[in-house]
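Colleague: Residues in the sequence shown are numbered from -10 upward in steps of one, following the working numbering. For glycine and all other residues, C-beta sits at the position ideal for the given N, C-alpha and C. Keep in mind that this is a model prediction, so the values were computed, not measured.
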Amino acid sequence: MSSSTVDPADPVFQLHRGGKMAVVSTVPLTSRDDLSLAYTPGVARVCEAIAADPSLAHDYTWASRAVAVVTDGSAVLGLGNIGPSAALPVMEGKAVLFKQFGGVDAVPVCLATQNVDEIVAVVTALAPSFGGINLEDISAPRCFEVERRLDEALDIPVFHDDQHGTAIVVLAALRNAATLLNRKLGDLRVAVSGAGAAGVAVTRMLVAGGVDPERVVVCDSQGIICRQRAGLAGTKAELADLTNADGRQGDVTEALRDADVLIGVSGGRIPERAVAGMAPGGIVFALANPTPEVDPEVAARHVAVVATGRSDYPNQINNVLAFPGVFRGALDARASRITDAMKVAAADAIASVVAETLTPEAIVPSPLDPRVAPAVADAVAEAARRDGVARA
-10 MSSSTVDPAD
0 PVFQLHRGGK
10 MAVVSTVPLT
20 SRDDLSLAYT
30 PGVARVCEAI
40 AADPSLAHDY
50 TWASRAVAVV
60 TDGSAVLGLG
70 NIGPSAALPV
80 MEGKAVLFKQ
90 FGGVDAVPVC
100 LATQNVDEIV
110 AVVTALAPSF
120 GGINLEDISA
130 PRCFEVERRL
140 DEALDIPVFH
150 DDQHGTAIVV
160 LAALRNAATL
170 LNRKLGDLRV
180 AVSGAGAAGV
190 AVTRMLVAGG
200 VDPERVVVCD
210 SQGIICRQRA
220 GLAGTKAELA
230 DLTNADGRQG
240 DVTEALRDAD
250 VLIGVSGGRI
260 PERAVAGMAP
270 GGIVFALANP
280 TPEVDPEVAA
290 RHVAVVATGR
300 SDYPNQINNV
310 LAFPGVFRGA
320 LDARASRITD
330 AMKVAAADAI
340 ASVVAETLTP
350 EAIVPSPLDP
360 RVAPAVADAV
370 AEAARRDGVA
380 RA
């Protein structure tokens, strides 16, 4: 966008002028004594203590409550590869959501590289300043390797929100939708439209949460992923081995034939006739934003429960339900990593917030519900202790 297309009267631009966040001191600096305690000479004693015992950094620096929000700008919202500078407003927004909903300080880190080795090296070098790393808007398949390598290299939580945040909220929503419809997760036939970062993570999370992988069919832009399809590699080959026990082949219409659940995380359009071919009393999560894969009003003609990624429809599947509480809990437990059990615990906690008041229009809490982040944090911290990755 050129400067000539910026409308200074537009409230969006007014809100973003100067950025959306700032650094605020947590200690007084009004006297010489304040300065001597907060900076030299007093700070040297803290530095020496940490040099002798690095674990003291948890207690005497901000690292115990700080997260780096890292992107390479390659897959920002629905805007694509717009680069690090254009990604910064989104990362600032993520940081303020961390603070507002989880009480977690977060710093946007937008990298001018899309090379995996360079991203891993930079984030590894920055890691001593933070208690966790939130990877954001990094395109697939690069995001899988970046997360895996950082998870192996660091002893702090690494979490790619586009994968796992989405997956956690989808599992929470599906748990409640199944409960509402008196169904069991293990009995559901599920079609996932999209095999990028979110699609892969959603599939794995559903399986971890109790969905039968043999009853899951995943589609990408070329059609159904199956063992018979040539040229599959990496995560798609893994999906072919994990899912689609019936060996279905074809397009998304075939994937949806007699399916109980559609989870759209692709951005592609799905025709109404495909949704009409689903089993009665179905569930559609059309999560592409701003344009869902299936128009919600069209989907509602054929299924019992509809969710989207939009705030102007019921049942918004919003990552903010997950990531603030996930990191709050991981930081509180001083977790060395985020395990699958911690993610499933987060999904269960989100689902539990509205478990007693379920309706077809309210299978997940509002993103503004103040009960969500504390419930998720407590569940994640407890799961970290059960999994043996907690240090507090």
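Measuring only the C-alpha atoms, how far is VAL109 from ASP240?
Modeller: If you take the alpha carbons of VAL109 and ASP240, they lie about 37 Å apart.
Colleague: Whether or not the region 277 to 290 and the region 120 to 134 are in contact is what I'm after, with contact meaning three or more pairs of Cβ atoms, one per stretch, closer than 8 Å; do they touch?
Modeller: Short answer: they don't touch.
Colleague: Among residues of its own chain, excluding the 5 on either side of ALA275, which ones have a beta-carbon nearer than 6 Å to its beta-carbon?
Modeller: GLY253, PRO281, GLU282, VAL283 and THR297, listed in sequence order.
Colleague: Given the structure, does ALA335 come close to the ligand NAD, in the sense that its CB is under 7 Å from one of the ligand's heavy atoms?
Modeller: Inclusion of the ligand NAD in the displayed structure is not the case, the ligand content being empty and no account of it being possible.
Colleague: Measure the C-alpha to C-alpha separation of ARG323 and ARG380 and round it to an integer number of angstroms.
Modeller: Taking the straight line from one Cα to the other gives about 5 Å.
Colleague: Hey, could you find the ends of the alpha helix (DSSP H) LEU4 is sitting in?
Modeller: Element bounds for LEU4: 0 to 5.
Colleague: Name the DSSP beta bridge partners of ASP209, please?
Modeller: GLY212, per the DSSP bridge assignment.
Colleague: Counting only the same chain and skipping the five closest in sequence on each side, list residues whose C-beta sits under 7 Å from that of PRO313.
Modeller: For PRO313, where only same-chain residues beyond five positions count, the Cβ hits under 7 Å are LEU86, PHE87, PHE90, GLY91, VAL93 and ALA362.
Colleague: Could you check what DSSP says for PRO97 in three-state terms: helix, strand or coil?
Modeller: PRO97: strand per DSSP, three-state reduction.
Colleague: Leaving out five residues before and five after VAL418 in sequence, what residues of the same chain have Cβ atoms less than 7 Å from its Cβ?
Modeller: Absent from the structure is residue 418, since the part of the chain shown begins at -10 and ends at 381.
Colleague: Is it true that the CB of VAL58 sits closer than 8 Å to the CB of PRO98?
Modeller: Inspection of the sequence shows that residue 98 is occupied by Val rather than by Pro. It is a contact, given that the beta carbons lie within the stated cut-off.
Colleague: Do PRO359 and ASN307 have their C-beta atoms within less than 8 Å of each other?
Modeller: The answer is no: Cβ separation not under 8 Å.
Colleague: Assuming PRO78 contacts ALA101 under a Cβ cut-off of 8 Å, what Cβ separation, rounded to an integer in Å, is found between them?
Modeller: Not really, about 16 Å apart at Cβ, beyond 8 Å.
Colleague: With a cut-off of 8 Å, do at least 3 Cβ pairs link the region 176 to 184 to the region 195 to 213?
Modeller: Touching, yes, given that three or more Cβ pairs across the two stretches are closer than 8 Å.
Colleague: Apply the 10 Å Cβ neighbour rule to VAL165 and answer buried if 16 or more other Cβ atoms are within range, or exposed otherwise.
Modeller: Reading off the sequence shown, one finds Asn at residue 165, where the question assumed Val. It counts as buried.
Colleague: Apply the 10 Å Cβ neighbour rule to PHE119 and answer buried if 16 or more other Cβ atoms are within range, or exposed otherwise.
Modeller: Label assigned to PHE119: buried.
Colleague: Am I right that LEU228 and VAL189 are in contact with their C-beta atoms under 8 Å? What's the rounded C-beta distance?
Modeller: Confirmed, about 7 Å.
Colleague: What span of residues does the alpha helix (DSSP H) with LEU251 cover, start to end?
Modeller: Run containing LEU251: none in the alpha helix (DSSP H); it sits in the beta strand (DSSP E), 250 to 253.
Colleague: Looking only at its own chain, which residues have a Cβ that is under 6 Å from the Cβ of GLY183, when we skip the five neighbours before and after it?
Modeller: Cβ neighbours of GLY183 beyond the five flanking positions: VAL254 and SER255.
Colleague: Tell me the residue span of the alpha helix (DSSP H) that contains ILE352.
Modeller: Careful: ILE352 lies outside any alpha helix (DSSP H) and carries neither H nor E.
Colleague: In this structure, what does DSSP give as the bridge partners for VAL147?
Modeller: Its beta-bridge partners are ILE122.
Colleague: Give the C-beta separation of ILE145 and GLY121 to the nearest angstrom, bearing in mind that I take them to be a contact with Cβ-Cβ under 8 Å.
Modeller: Contact flag correct, Cβ pair sits at about 5 Å.
Colleague: Please list the terminal residues of the continuous alpha helix (DSSP H) segment that includes ALA114.
Modeller: First-last of the alpha helix (DSSP H) with ALA114: 105 to 115.
Colleague: Under the three-state reduction of DSSP, which class applies to ALA180: helix, strand or coil?
Modeller: The answer is strand: DSSP assigns ALA180 an E or B state.
Colleague: Going by DSSP, which residues form a beta bridge with GLN89?
Modeller: Paired residues: none, contrary to the question.
Colleague: Which partner residues of GLY271 appear in the DSSP bridge assignment?
Modeller: Looking at the DSSP assignment, GLY271 forms a beta bridge with VAL292.
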